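Colleague:
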Amino acid sequence: MINNELINPQSIVVVGGSNNTSKPGGNCVKNLLKGGYKGRLYVVNPKEEEVQGVKSYRHISEIPSTDLALIAIPAQACLEAVTILAKEKNVKAFVMFSAGFKEESAEGALLEQEICRIATEAGASLIGPNCIGILNSYHQSVFTSPTPMMSPDGVDMVSSSGSTALYITETSMRMGLRFNSMWSIGNAAQITVEDVLEYMDVNFNPDTDPKIKLLYIESIKDPDKLLEHTSSLIRKGCRIAAIKSGTSASGSRAAASHTGALASSDSAVEALFRKAGIVRCYSREELATVGAVFTLKELKGKNIAIVTQAGGAAVMLTDALSKGGMEIPSLADNPLAAELKTQLHPGSSISNPIDILGTGTAQHLALAIDYCEQKFDNIDGIAVIFGSPGLNKVFEAYEIIDRKMETCSKPIYPVLPSVSSAWDETNFFIEKGHVNFSDEVSLANALTTTLKTPRPLANTLELRGVDIPMMRRIIDRIPESGYIAPKYVQELFRAANIPMVEELVSDQWKDIKIFAAKQGFPVVAKVVGPVHKSDVGGVVLNIRSEKHLQIEFERLMQIADAKAVMIQPMLNGKELFAGAKYEEKFGHIVLCGLGGIFVEIFKDIASGLAPLATEEALSMIRSLRSYKVFQGARGQAGIDEYAFAKIIVQLSALLRFATEIKELDINPLLATERGIIAVDARIRIEK
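For the sequence shown, this note's numbering begins at -16 and goes up steadily by one.
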């Protein structure tokens, strides 16, 4: 629960406040005073009469009733303090800096639970314990330094980790980002990251609230809540970027399928972020850079002009943008570019990058920006690289960039790399309220990542052609948990309207022979029973005669654990992969990609959170590194991405109404001339 006493307290007590600013309680008092807190401030410290000019009380029982208590005392003393403050001093909000709770021991966890219970029963908000605090425009209740520049249109940051919040803040400050609020959640005994986002969403005012949110998340306790409020905020005009750490470990259960091997907590996070529209980041630098990109005018296309007086940096920026899918359109044949060239120094290049040379002046810079803004129709955004060559001051150039960023309709991305030799000029630029991308490749990566992140999509379920009652009857007929028989797989796919190749499963040679004659050769034979057919020599392709088929049938039936043989017509086409796995708290994670080596070696997969609509399935397909294969690479025929997306959506519907399915693996799906057909599939259920 988040209340007004936490957000805008009229009175604050620092329990453990000190004159020693190297201690949390001391530096917290310093930050409150320096931040201009306007309410009543109390300090409790039995050893001091006065703390930094503020009267100090010897015991919490002596203070007046107070809105917010900041706790900076040892963990063992916290329970008594919270009890007295909540029950006798009417405190309705707590921020606990103190450590030594569940992050340290089982006893600490019990102590934390009891403190949380007391605060909650008193109707009080509780941040922490084990956090660095919170800050906003009303109060800077943190014990760390430095504190960032505050602005009503700055970013809101929510972090699971206090130290990481501080490091992200420092990285952001170096880029020129300003803050509206910073929340360090710590152990999240009561208030979680999801709770803060819910508060921001429910109380969002589009006219006054900042629209940039940066998140560092260590534990997603309620994925549905996170999805609901982040996607809602984004639909209201916000932009959100987040790091989710702790996703590298795979599941503890040994996986028996491609899906089981590939699906992990990381793919669940990827799926959740995709559905919500969150830009996913992997480092503090990347998160801050994406946040800085968010502060600029919205980019309406993929075409970037680069104006520079540093050739190498421009080449690196061009490479990074192109690799990320952006376009750096050539201006070489544009007569207006030739016109621009006549007004620059001899030797300047106008092909894009537009290189005005190291001796280029601020006036040359302004001219190049004006041409990109007003005369080059095929330009959507402008990256400006301008450092100090050591020949002259660059104040005038930075004033030009400042003015153009305010007046241009296209976004301008300033890359001012001389953070040492042009320290004063760079600070001057940042103090004007701008951000600076000192590294051009970091800018490119943030820009392309942001552009690739889809908008939040409607959480709709497409059911055209899906027979839900039939699905349920099939599931109910399956006798036990585990991998289900091929006949049930076929029946479920028919009910879900997922096309599957004709096949026969039998342990009788005469049935196999009749099916092969009816379908025509060549055919494929597979052993039924062992989970990993290929590992035991249980898959035979391109069988072209009845005699060959009989030999292979007899051999396959001799394999250990063989129960029958499956026979299918031999199809040719490009291999695709689709699968799903149930992930605790998240629900079903759907995976897709090209099959064969793309999934086994390159692990080029995309993940989505069921239920999926066609638009989301298409975004998954288009995010694949191998997407050019779908478009038709090197003269080869492409793959119908819409047909593939339809199968992914139908699979999503199956998972929605057959929740007993815990793992599903279609490998391969074949993209043939007749369409995309499931060739082999395995489904594991838990009844």
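Beta carbons: idealized from backbone N, C-alpha and C, even for Gly.
Note that the structure is predicted; figures quoted are calculated from it, not measured.
#1: Looking only at C-alpha atoms, which of K227, P437, K285, I311 sits nearest to T147?
#2: Smallest Cα separation from N525: which of D544, L539, L314, M553?
#3: Is it buried or exposed for V514, if we count other Cβ within 10 angstroms and need 16 for buried?
#4: Would you call the region 104 to 117 and the region 135 to 153 in contact, with 3 or more CB pairs under 8 Å?
#5: From L327, P594, T191, pick the residue whose C-alpha is nearest to that of D207; which is it?
#6: Identify, in the order they occur along the chain, each residue of the same chain with its Cβ nearer than 7 Å to the Cβ of W492, setting aside the five sequence neighbours on each side.
#7: Threshold first: 4 residues or longer. Then list the alpha helix (DSSP H) segments lying entirely within the region 414 to 479, N to C.
#8: Can you check the region 164 to 249 for any beta strand (DSSP E) of at least 3 residues that lies completely inside it and give the ranges in chain order?
#9: Grab the span of the alpha helix (DSSP H) containing H531 for me, first residue to last.
#10: With P29 as the anchor, note down where its beta strand (DSSP E) starts and where it stops.
#11: Return the first residue and the last residue of the alpha helix (DSSP H) that T147 is part of.
#12: If I follow the unbroken alpha helix (DSSP H) through I604, where does it start and stop?
#13: Buried or exposed, going by whether 16 or more other CB atoms sit within 10 Å of the CB of E486?
#14: By the 10 Å Cβ neighbour count, where 16 or more other Cβ atoms means buried, how is T127 classified, buried or exposed?
#15: Measuring CB to CB, does L652 end up less than 8 Å from I630?
#16: Can you tell me the Cα-Cα spacing of K283 and P394, whole angstroms?
#17: What does A563 pair with, by DSSP beta-bridge criteria?
#18: Could you pull out every residue in the same chain whose Cβ sits closer than 6 Å to the Cβ of V37, ignoring the five residues on either side in sequence?
#19: Roughly how many whole angstroms lie between the Cα atoms of Q292 and G343?
#20: Ordered along the chain, which non-local residues of its own chain (more than five positions away) have a Cβ less than 6 Å from that of D136?
#21: Using only the alpha-carbon positions, how far apart do Y610 and L304 sit?
#22: Would you tell me roughly how many angstroms separate the C-alpha atoms of T443 and A596, rounded to the nearest one?
#23: Under DSSP, the alpha helix (DSSP H) around V12 begins and ends at which residues?
#24: Considering just the uninterrupted stretch of the beta strand (DSSP E) at N525, what are its terminal residues?
#25: If we ignore side chains and look at the alpha-carbon of each, how far apart do H241 and T433 end up?
#26: Note down, in chain order, each residue of its chain lying with its Cβ closer than 7 Å to the Cβ of R222, except the 5 sequence neighbours on either side.
#27: Who are the near neighbours of V34 in its chain, counting only those whose CB is closer than 7 Å to its CB and skipping five residues on each side?
#28: Name the residue from S489, E253, V(-3), A251 whose alpha carbon lies nearest to the alpha carbon of L15.
#29: For W166, count neighbouring C-beta atoms within 10 Å of its own C-beta (all shown protein chains included) and say buried if the count is 16 or more, exposed if not.
#30: Note down, in chain order, each residue of its chain lying with its Cβ closer than 7 Å to the Cβ of G260, except the 5 sequence neighbours on either side.
#31: Could you give the distance in angstroms between the alpha-carbon of I542 and the alpha-carbon of D459?
#32: Do you know how far the Cα of A405 is from the Cα of I413?
#33: Assign G364 to one of three DSSP states: helix, strand, or coil.
#34: Nearest by alpha-carbon distance to K358: which of A320, K530, S464 is it?
#35: So, at 6 Å on beta carbons, what are the nonlocal neighbours of Q(-7) in its own chain, with the 5 sequence-adjacent residues on each side left out?
#36: Could you pull the DSSP bridge partners for M483 from this structure?
Modeller: This is what the structure gives:
#1: Counted from its first residue, the sequence shown places residue 147 at position 164. Distance check between T147 and each of K227, P437, K285, I311 places K227 closest, using alpha-carbon atoms only.
#2: Taking the sequence shown and counting its residues from 1, one reaches residue 525 at position 542. Taking only the C-alpha atoms, the option nearest N525 is M553.
#3: The residue you call residue 514 lines up with position 531 of the sequence shown. Counting C-beta atoms within 10 angstroms of its own C-beta, V514 has fewer than 16 neighbours from the protein chains shown and is therefore classed as exposed.
#4: Yes: at least three Cβ pairs fall under 8 Å.
#5: The residue you call residue 207 lines up with position 224 of the sequence shown. Checking every option, the nearest Cα to that of D207 belongs to P594.
#6: Residue numbering aside, residue 492 sits at position 509 when the sequence shown is read from its first letter. Hits under 7 Å: Q533, F536.
#7: Uninterrupted alpha helix (DSSP H) stretches at least 4 residues long and entirely within the region 414 to 479 occur at 423 to 435, 451 to 460, 469 to 478, given in chain order.
#8: Taking only runs of at least 3 residues, the beta strand (DSSP E) segments lying wholly in the region 164 to 249 are 195 to 200, 222 to 227.
#9: Position 548 of the sequence shown, counted from the first residue, corresponds to residue 531. Taken as a continuous stretch (DSSP letters only), the alpha helix (DSSP H) holding H531 covers 529 to 540.
#10: Reading the sequence shown from its first residue, position 46 is the one you call residue 29. Careful: P29 lies outside any beta strand (DSSP E) and carries neither H nor E.
#11: Residue mapping note: residue 147 aligns to position 164 of the sequence shown, counting from 1. Its alpha helix (DSSP H) spans residues 145 to 158.
#12: For this step, residue 604 is matched to residue 621 along the sequence shown. Unbroken alpha helix (DSSP H) run through I604: 597 to 605.
#13: On the sequence shown, position 503 is the one that residue 486 refers to. Label assigned to E486: buried.
#14: The sequence position of residue 127 within the sequence shown is 144, counting from 1. The residue is buried, with at least 16 neighbouring Cβ atoms inside 10 Å.
#15: Counted from its first residue, the sequence shown places residue 652 at position 669. Counted from its first residue, the sequence shown places residue 630 at position 647. The answer is yes: Cβ separation under 8 Å.
#16: Taking the first residue of the sequence shown as 1, we reach residue 283 at position 300. Taking the first residue of the sequence shown as 1, we reach residue 394 at position 411. Straight-line Cα distance between these residues: approximately 9 Å.
#17: If you number the sequence shown from 1, residue 563 lands on position 580. DSSP output for A563 lists V573, L647 as bridge partner(s).
#18: As a position in the sequence shown, residue 37 is number 54, starting the count at 1. Excluding sequence neighbours, V37 sits near L24, V26.
#19: Locating residue 292 in the sequence shown gives position 309, where the first residue counts as 1. Locating residue 343 in the sequence shown gives position 360, where the first residue counts as 1. Roughly 7 Å between the two C-alpha positions.
#20: Counted from its first residue, the sequence shown places residue 136 at position 153. Setting aside the 5 residues that flank it on each side, D136 is surrounded in the same chain by P193, each with a C-beta closer than 6 Å to its C-beta; the list follows chain order.
#21: The count along the sequence shown starts at 1 and reaches residue 610 at position 627. The count along the sequence shown starts at 1 and reaches residue 304 at position 321. It is roughly 18 Å from the alpha-carbon of Y610 to the alpha-carbon of L304.
#22: Looking up residue 443 in the sequence shown gives position 460. Looking up residue 596 in the sequence shown gives position 613. When rounded, the distance between both Cα atoms is 6 Å.
#23: Residue 12 sits at position 29 when you count from the first residue of the sequence shown. Unbroken alpha helix (DSSP H) run through V12: 7 to 17.
#24: Along the sequence shown, one-based indexing puts residue 525 at 542. That run of the beta strand (DSSP E) goes 522 to 526.
#25: Along the sequence shown, one-based indexing puts residue 241 at 258. Along the sequence shown, one-based indexing puts residue 433 at 450. Model confidence at H241 stands at a pLDDT of 48, short of 50, so the residue's coordinates are unreliable; what they give is reported in the following sentence. Going from the Cα of H241 to the Cα of T433 covers about 30 Å.
#26: The residue you call residue 222 lines up with position 239 of the sequence shown. Closer than 7 Å at the Cβ level, and outside the excluded window around R222, lie K194, I195, F277.
#27: Your numbering for residue 34 matches position 51 in the sequence shown. Cβ neighbours of V34 beyond the five flanking positions: G0, S1, N2, V12, V26, N28.
#28: Taking the first residue of the sequence shown as position 1, residue 15 is located at position 32. In terms of Cα proximity to L15, the closest of S489, E253, V(-3), A251 is V(-3).
#29: Numbered from its first residue, the sequence shown carries residue 166 at position 183. W166 is buried by the Cβ-count criterion.
#30: If you number the sequence shown from 1, residue 260 lands on position 277. The residues are S214, I217, T436, P437, R438, P439.
#31: Within the sequence shown, the letter at position 559 stands for residue 542. Within the sequence shown, the letter at position 476 stands for residue 459. Each residue's Cα considered, the two are about 31 Å apart.
#32: For the purposes of this step, residue 413 is taken as the residue at position 430 of the sequence shown. For the purposes of this step, residue 405 is taken as the residue at position 422 of the sequence shown. About 12 Å.
#33: The sequence position of residue 364 within the sequence shown is 381, counting from 1. Three-state result, G364: strand.
#34: Start at 1 with the first residue of the sequence shown, and residue 358 comes out as number 375. Looking at the Cα atoms, A320 is the closest of the given residues.
#35: Position 10 of the sequence shown, counted from the first residue, corresponds to residue -7. Result list for Q(-7): G22, D50, in chain order.
#36: In the sequence shown, the residue the question calls residue 483 occupies position 500. DSSP lists A661 as partners of M483.
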